Amino acid sequence: MAPNAGYKEINVVHRASAVNNNNNKNGSSKKDVQLNGDRKQRPSNNKKTKSKSTSSWKPSNSTLMTLFSFIFFVSGLIFYYIPIEKLIKAKPIASDKEDFKWMVTTDQHVGPNVFLHDVPCHRPGYRRERAAGAEPQRCGTLIYDELVSLEEAARLRQMAAKLVYEIGETNPYSRESINLHWVNLHTVFKRGYKEKVFNETDFKLVKKASERAKTVIAETFGIPRNSLHFTTVAQFTRYRPMTRYSQFRHVDKVRVQSLIVTSILWLSTYDYDFGGGTTSFLTAPDSPPFTPYIVQPKINRFAAWTSGWENPHEVMQLLWGERLALIFAFTVNPNLGEKNMEALRTWAQALPDNPFYG
Ligand SMILES: O=C(O)CCC(=O)C(=O)O
Ligand SMILES: [Fe+2]
1 MAPNAGYKEI NVVHRASAVN NNNNKNGSSK KDVQLNGDRK QRPSNNKKTK
51 SKSTSSWKPS NSTLMTLFSF IFFVSGLIFY YIPIEKLIKA KPIASDKEDF
101 KWMVTTDQHV GPNVFLHDVP CHRPGYRRER AAGAEPQRCG TLIYDELVSL
151 EEAARLRQMA AKLVYEIGET NPYSRESINL HWVNLHTVFK RGYKEKVFNE
201 TDFKLVKKAS ERAKTVIAET FGIPRNSLHF TTVAQFTRYR PMTRYSQFRH
251 VDKVRVQSLI VTSILWLSTY DYDFGGGTTS FLTAPDSPPF TPYIVQPKIN
301 RFAAWTSGWE NPHEVMQLLW GERLALIFAF TVNPNLGEKN MEALRTWAQA
351 LPDNPFYG
């Protein structure tokens with residue numbers, strides 16, 4: 001029934017247009033003729049006729065094959081030329097609404113001279129350091145890309161990955177948890193040797209980086225080198241994007257009152273090893289207050305900043321990849337820190353064993 005009816009109606013339409021043509025010759029209007037034709041030859045099912053007549057494109061199998069091959073070829077090209085990370089990468093760094101400036105990007109090299117982004121010190125915050133005769137003479141953020149050699153940085157990176165994986169920890173109460181894992185050097189010095197994931201060659205390299213960090217910091221911020229002590233915030237860190245998350249904006253000295261300078265040697269590279277994950281200081285020059293001034297981390301890039309109120313900062317949300325670093329935070333209070341890595345190791349190895357806490 002149905003196919004027959006459809007066949008008939010298609011014919012009717014054709015006839016109607018034939019009538020249309022004829023009637024035009026006879027001088028009657030096109031509209032009239034169409035209506036007449038319809039009325040005469042197609043008393044019902046007007047709608048049905050129309051839909052049947054317009055959906056008559058039936059591609060042959062070979063046309064379909066050509067179409068699918070074309071789509072397949074084009075998407076193949078797209079996936080070949082655009083890396084998958086780029087395709088799945090969400091919008092990068094810094095909110096759209098907020099203005100920002102780059103302090104330093106990965107294509108720049110900072111060395112042999114240290115770069116200092118000078119920010120006026122928040123003097124009241126350093127009264128204890130002042131009393132100890134070790135107040136910073138200058139404040140802000142320094143950048144230096146030649147702390148150790150690239151080959152040494154690559155070894156430190158391997159160390160970071162292995163140690164965080166083997167004996168790293170996270171803290172369910174800290175704002176950075178889930179995405180941030182770390183391993184404190186005092187844990188490394190205690191458990192790392194015992195569990196054979198750290199050796200004397202590794203120690204020498206960590207010591208070298210720590211001594212150079214101390215020298216650059218002392219000279220750049222004008223703090224007596226002998227006053228600088230390593231706190232227990234001496235650690236390898238690893239960020240992975242487990243959940244949508246951006247580190248909260250903070251001031252290091254508010255979190256740990258005894259700090260004077262915080263420093264970091266990044267061991268992986270922005271937009272290569274990871275996406276997002278830049279470090280943003282709210283101190284951009286010639287801008288409204290608290291405008292982000294953003295550093296793109298890269299392997300062997302060293303940054304250090306005075307820990308006071310002049311330096312609010314945050315780590316931006318990591319979008320993909322893995323971000324490794326080595327952090328040293330300093331105090332000038334000799335009761336709360338150690339002079340060097342040997343002293344930190346001696347202190348760590350004297351700690352009582354605790355299987356639940358490194
Ligand atoms: O990981 C970073 O780039 C900065 C970390 C930080 O804010 C800190 O250690 O105080
Ligand atoms: Fe910080």
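Residues in the sequence shown are numbered from 1 upward in steps of one, following the UniProt record's numbering. In this text, a Cβ means the ideal position worked out from N, Cα and C, and glycines have one as well. Just so you know, these numbers come straight off a predicted model, no measurement behind them.
Around the beta carbon of Pro59, fewer than 16 other beta carbons sit within 10 angstroms, so the residue counts as exposed. For Thr262, the shortest separation between its Cβ and any heavy atom of ligand 2 lies below 7 Å. Set against 7 Å, the gap from the CB of His250 to the closest heavy atom of ligand 2 is smaller. Per DSSP, Ile167 is one residue of the alpha helix (DSSP H) stretching across 150–167.
Pro292 and Thr283 have their C-alpha atoms roughly 6 Å apart. Between the region 154–161 and the region 261–268, the count of C-beta pairs closer than 8 Å reaches three or more; the two stretches touch. Residue environment analysis places Tyr272 among the exposed positions, since fewer than 16 neighbouring C-beta atoms fall within 10 angstroms of its C-beta. According to the DSSP assignment, Asp118 belongs to the beta strand (DSSP E) that extends over 115–118.
One thing to note: Leu344 has its Cβ no nearer than 8 Å to the Cβ of His181. Its Cα nearest to that of Asn300, the residue Ala213 stands out among Phe330, Ala213, Ser75, Met341. The C-alpha of Phe302 is placed about 11 Å away from the C-alpha of Phe115.
Thr141 is positioned such that its CB atom lies no closer than 8 Å to that of Phe328. In the same chain as Glu314, and ignoring 5 residues on each side of it, the C-beta atoms closer than 6 Å to its own belong to Gln247, Arg249, Ser280, in chain order.
For His313, the CB falls within less than 7 Å of some heavy atom of ligand 1.
A direct Cα-to-Cα measurement between Gly168 and Asn184 gives close to 8 Å.
Excluding its 5 nearest sequence neighbours in each direction, Val197 has C-beta neighbours in its own chain below 7 Å: Lys162, Leu163, Glu166, Ile167, listed in chain order.
Per DSSP, the continuous beta strand (DSSP E) segment holding Met103 begins and ends at 101–104. Here Asp145 is not near Gly192, since their CB atoms are 8 Å or more apart.
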